[in-house]
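Residue numbering for the sequence shown follows our numbering, starting at 2 and increasing by one per position. Below is one structure, written out as structure tokens; comments come after it.
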Amino acid sequence: MASPRNKPKLSDKPNGKLERIIIDASHVAVVHTYLALFAFGAALILGCSLHYTKIVKNDVAGYPQEWFPSVSATIGDWYPERSIFHILIALTSGPRFALVSMQYFLNRSKQTSLSGLIFTAGIVRTLSCGGWVYITSNDDHDAHDVLMVVYIICNVPWMLGTIMHSHGKARARRRIIATAFYASILPLIYFFIQHKVHRVPGAYTRYSFFEWSLILFDILFDSVAEMDFKESTLQIAIGSSLGRSDKMPATLHDINGFPEPGTKQKEVLTNVEVPLATSNDVSKAAQRPNVWISVLQLALSPEWRSSTTFISDVYLSYIFWSIFTSLIPTLFYFSVWELGISGQELALLVLLSPLLNGIPPLRAWACTRGGRITLHALSLAGITAYALDDPLHRLGAVSFANVVLFVGRTAEWAGGKDGYQGVIMGLGLILSSLSKHANHSNNPVWPMVNEELGGYNKTGILLAICALIELYTRPPMSPTPTAQAENTPKEIISKPKANSWLSASLALGSLLFTLHCLLSDSSTIIAWSWSGYDNGHPKGPLPHLYGSVTLIAQAAGLLTCMILPATAVTHPLWFLYGSTSAYVMYRHRDWLGFAGGLNTVVFFMSIIPTVMSNAASEEKVGRTYFVASLVVIILYLANVWTVAYAFVPGGAYLRERTDLVLLAQFLALAPAFKWSFKITHNTPLHLPSSIKQRTYALLSLLSLSSVLISLYKWPILGPTPYKVGTRIFNAGIWTVHFGIDNVGHDSQRRIRDVIRDMQLDVVGLLETDLHRTVYGNRDLTRVIVEELGYYVDLGPGPNMHTWGAALLSKFPIISSHHHLLPSPNGELAPAIEAVLNIYGTEVTVVVSHNGQEEDPLDRELQSRELARIMAESYPKPVVFLGYVVTKPGASRPAPYDILVNDGRVHDIDPHDLDRWCEYVMYRGLYRTAYARVSRGIVTDTELQIGQFVLPKHGSGITNETEEARMLRSWKEELPEDHWFPMEYYGDDNEGGVNGHFYHVFNTPLYYKLPEGAVV
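See below:
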């Protein structure tokens, strides 16, 4: 065995020519380290020497507040340091690829695919690094950011996997460096937010220190490879071999690069030959490894194929959750437009299809490879349904997809007691929730979205086809994780008790509903706890920014069941932990309520494998999963009836009783826990270590991805009004019908377009509480907030039993309060009372949704409460944006007179008699324009807009008489700042934009400022 400390040696042929050169592999690691350090160090020194004040300057401040440059400014902004860095980093690429490859050949094993995953992460990491250093933010900001995100994501499996393969001093050193690397990320994020969001001078300098620290730790981490290579005596032979030298260990590789039969693996890994081609030598060429064959054999090796199988199973689980969660929003479209039971609700009964597995021949076929592929392929009708224009046709396709989906899935679940199916289900759920978090709370393969509405349907279908191809070509002899017999000890497999199938069914049904109700979107539990603003800051987490925390909790919950003993997650104390967490989530708000929600998430994710394993049985398959599906349906209806009680028979019994539904969920889950103190065999997760390793890696990847997505979406600058410096702002009210348009599609982007065109600074949206299963657990404000830049306040959450309200503001929200208006007879009415800082003046904005005309007492009491809220802030400015249900000028007890007189506000135009539900009122402001915009296909209600001008600071309204307020004007008599978009002039036949146009008056109404007005 050659010593690693030997100098490179030359072997001579008889004719004196060089035969080969042997190099210690550790030299490659050393070269890589010094080249990388020199590249970044040279750029830093040159940059500070030649362009110091330029590279420390940023969009917030310059020298002396900022005095240390960022990495990107140093390596990419100026010549010559940029060119010198590019040359040096290009020289580093050769040793870099060699280092990654040698680490793979050193650690590869047929027993696990971990080394292959690390190798892939290392290659992608290297390529993406080349991408973001050569494509700077000045060249292409998006490409730079995407490549940087890919690089950081790949760092997780690379570092963690490399540590797992290390031992001794190398492992200890890598752990210290990796810990320092990840510890630097938190202050890095903090100072980045201070710079980008709060625009604090000097924050970017502190950010830069941690950014450079990441570079240094990254290089040092890879430098530890020198210790691995020295310890393993790994060497590189350059040249061709004409026999075996007595002074050199024999090379035991065949032509394809794999060991000869009988060769010990350790001997092979200590010597790697890289033959150098010589001209016109056939015998030497025959000795060269065939690179392409080696790569192909590697791709088809058992460890890589097993990884592909795992990924395919996770993606098919994602498809399951996508189709399953799309059923009830697709059918509820009809209920929304009927405002009652329409008949299409019967489509919910397709979830009872697992009863068909009670037919032995059908179930036997469903468990075969052909049956599984056929059922999976047919279920794709649920995501191809997006191409159908008719909502009823889409419902038919989605219903059919759920029938075959549940037949196939429950057949697979019945055969897996080892917990693999539960782990795959959990991973699929996290992936589904992550895709919604990244896609404005819409699942990108739902049939309610398409390419124009944020859908990636074709991509989803293509990936599903790839997963089915993998399933079709899956080697029959490879160990299938779904089969329990080989990996589960015999004493674990026991015949279920006589009635255990019933308790297992109840628990599974409750779990499936709960996962859909609370965990299918990362912002749902945030909506449960959200209560508004105080002193200019949110009282709790904002849904669109903190969804990643929920996703991390989901990953932690699934990780818990794989780490803790099986007895721990089935212990009564664990059930008590989950129950207590749910109670805190339900009863408390803000950060405390969110903390309770996170612990609830951990609890439910941790019991997925246990509950699914308990229901798995070769006996009573049909009835077991039929009862589970029946429980899901019952809980669906009960959950909807807590808020929709006015529209269903017997709904009064569940009016506003989400607590009872939550209690029923836990009672149904209780049998899944071991309530006896007698020592019994439990069913732990008897999974192969390779499956656990892949799960750990994927959970880490998904968690990191969620954080990076949140950071990417984090607002760089705070919202700014459309007409800065004019003291003009536009305010609108729109009832958006649960974000479902006339043809059953998501309407977020159409709403966004109108709000953008009308330059609405303040918007009240009604019927927006979509964090329910029937609406898809969505956030209707997500697209608007993220793409247009608004402060957002969501009204009372789903646990407060209203149809919801939302306030969007370009101006800072100083404080807000959520109200549940008096509703003794009808549905609960929500209201948001918010104080905004509009051009330095505090203006109270009230957004409300009153009850319907069937409940006159409710509307009277609600109007009195709204009038009280507005009157309390007198004489401060007020804008009321509400759904009132009253005729203009109607006397008491109708709402109109109560709101105007008791609330001490003015109607935006009392001469407009063609109104019924939506009203804009104001006080302490000058109203200069009023527009009514047709709904298009977005909703069933128009958009009403008022334009207001704030009096100058220290001045009040000069004349509030009706005569002064109603001085009409032509738009040409006002500055163009007051004009509404000209493109929206039109009618039903032509003109307008996307079906929206000024209607009723066919033009906006404009008003003069009273004489003597000071603005």
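In this text, a Cβ means the ideal position worked out from N, Cα and C, and glycines have one as well. Only a predicted model underlies this, so the values are computations on that prediction, with no experimental measurement involved.
Cutoff 8 Å; reference I153; Cβ partners in own chain excluding five residues on either side = L705, L709
ask   = What is the DSSP secondary structure of L771, reduced to helix, strand or coil?
value = coil
request  = May I ask you to verify whether the stretch 955-967 touches the stretch 934-943, counting CB pairs closer than 8 Å and requiring at least 3?
outcome  = no
ask   = Using the C-alpha atoms, what's the distance from E453 back to T551?
value = 28 Å
query = A181 by DSSP, collapsed to three states: which one?
reply = helix
task = For Y334, verify whether its CB is less than 6 Å away from any heavy atom of the ligand MG.
result = You won't find the ligand MG in this model; it holds no ligand whatsoever.
key: Proximity winner among A144, L944, W366, D910, relative to W133 (alpha-carbon distances)   = A144
query = Is A26 near L221, with beta carbons less than 7 Å apart?
reply = no
inquiry  = Excluding the 5 residues flanking Y626 on each side, which residues of the same chain have their C-beta closer than 6 Å to its C-beta?
reply    = P355, T411
message = Within a Cβ cutoff of 7 Å, which residues of the same chain sit near V1001, ignoring the five residues on either side of it in sequence?
response = D915, R933
message = Across the stretch 818-829 and the stretch 552-568, are there enough close Cβ pairs to call them in contact, namely three or more that are closer than 8 Å?
response = no
inquiry  = Quick check: the Cα distance between T643 and M449, rounded to an integer number of angstroms?
reply    = 25 Å
key: Simplified DSSP assignment, three categories, for S817   = strand
task = Pull up the distance between the alpha-carbon of R590 and that of G798, whole angstroms please.
result = 10 Å
Where A26 sits in the DSSP three-state scheme = coil
inquiry  = Using 7 Å as the threshold, is the C-beta distance between V784 and G733 below it?
reply    = no
request  = Evaluate I329 with the Cβ neighbour count: other Cβ atoms within 10 Å of its Cβ, from every protein chain shown; 16 or more gives buried, anything less gives exposed.
outcome  = buried
task = Check the C-beta distance from V662 over to N640 and give it rounded, since I have them as a contact under 8 Å.
result = 5 Å
key: Nearest residue (CA-CA) to P952, options G1013, P896, A930, Y920   = G1013
task = Reducing DSSP to helix, strand and coil, say where P445 ends up.
result = coil
task = Excluding the 5 residues preceding and the 5 following G652 in the sequence, name in chain order all residues of the same chain whose CB lies nearer than 6 Å to its CB.
result = W642, Y646
Per-residue burial, R370 [other beta carbons within 10 Å of its own, 16 or more giving buried] = exposed
ask   = So with Cβ pairs under 7 Å, would you call A44 a contact of chain B?
value = Judged by its chain identifiers, the structure shown contains no chain B, having just a single protein chain.
Through-space distance from W338 to Y776, alpha-carbon basis = 13 Å
query = Can you tell me the Cα-Cα spacing of R905 and P896, whole angstroms?
reply = 13 Å
query = Thinking C-alpha only, which one of F981, T54, W980, G996 is nearest G987?
reply = G996
Closest by C-alpha distance to G168, when choosing among L357, N108, Y387 = According to the sequence displayed, residue 168 carries His and not Gly. The option with the nearest alpha carbon to H168 is N108.
ask   = Are the beta-carbon atoms belonging to L347 and L396 less than 7 Å from one another?
value = no
C-alpha gap between T489 and F321, whole angstroms = With a pLDDT of 41 at T489, under the threshold of 50, the modelled position of this residue cannot be trusted, and the question is left open.
query = Could you give the residue range of the beta strand (DSSP E) that holds N731?
reply = 729-736
request  = Return helix, strand or coil for N1, following the three-state DSSP convention.
outcome  = Here the chain covers residues 2 to 1016 and nothing more, so residue 1 does not appear.
inquiry  = I'd like the span of the beta strand (DSSP E) that includes R966, first residue to last.
reply    = Note, R966: premise wrong, no beta strand (DSSP E); alpha helix (DSSP H) at 963-966.
inquiry  = Suppose you measure from the CA of I526 to the CA of S400; what does that come to, to the nearest Å?
reply    = 28 Å
Where Y923 falls, given that 16 or more other Cβ within 10 Å makes a residue buried = buried
query = Less than 7 Å separating the beta-carbons of F514 and V351?
reply = no
key: Every unbroken alpha helix (DSSP H) inside the stretch 58-96 [4 residues or more]   = 72-77
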